[in-house]
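The sequence shown begins at 18 in the working numbering and counts up one residue at a time.
Glycine residues also receive a C-beta, built at the ideal position from the N, C-alpha and C atoms.
Structure first, commentary second.
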Amino acid sequence: MEALKALGYEVSPIEGGVYGEKRRGGVVYQVFYAEKGDLRLRRKRFLKEEARPLALAGVAGQWAARWEVEENFFAVASPEELPRLVLAFERLDPPGENP
18 MEALKALGYE VSPIEGGVYG EKRRGGVVYQ VFYAEKGDLR LRRKRFLKEE
68 ARPLALAGVA GQWAARWEVE ENFFAVASPE ELPRLVLAFE RLDPPGENP
């Protein structure tokens, strides 16, 4: 979908629609848009990551954790509405957290 590409999203076809993704800093924006007009906008913000060596049941390995926040918006929208909805969703970033 050209509208998403123009907004900087990498776009891939999926069954019944398209998927777009854009990364900025520690934020991932995702768009799922179905041919029927079903829209899902998702934002994942990565808050913190940590890793350390760990022995589990006597086996040495690596433990890792990631704290993230996932936000979603669901709607039925026409293709013409998609660019302004995506931009409005991106502007919902809390002040000071937009990379």
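Burial state of residue i (16 or more Cβ within 10 Å)
i: residue 25; result: exposed
i: residue 48; result: buried
i: residue 103; result: buried
i: residue 37; result: buried
i: residue 75; result: exposed
Beta-carbon proximity list for residue i, same chain, < 7 angstroms, skipping 5 on both sides
i: residue 107; result: 46
i: residue 95; result: 54
i: residue 31; result: none
Close-in-space but distant-in-sequence residues of the same chain around residue i (CB under 6 angstroms, 5 per side omitted)
i: residue 18; result: 28 and 35
i: residue 22; result: 28
i: residue 105; result: none
i: residue 20; result: 99 and 100
i: residue 39; result: 25, 26 and 46
Contact belief for residue i with residue j at Cβ below 8 angstroms, rounded distance in angstroms
i: residue 69; j: residue 80; result: 6 angstroms
i: residue 50; j: residue 99; result: 6 angstroms
Of the residues the options, the one placed nearest residue i, counting alpha carbons only
i: residue 83; options: 66, 23 and 99; result: 66
i: residue 42; options: 64, 102 and 78; result: 64
Cβ neighbours of residue i in the same chain (closer than 8 angstroms, five flanking residues each side left out)
i: residue 52; result: 33 and 34
i: residue 78; result: 70, 71 and 72
Is the number of C-beta pairs between the segment 54-61 and the segment 83-95 that are closer than 8 angstroms three or more?
yes
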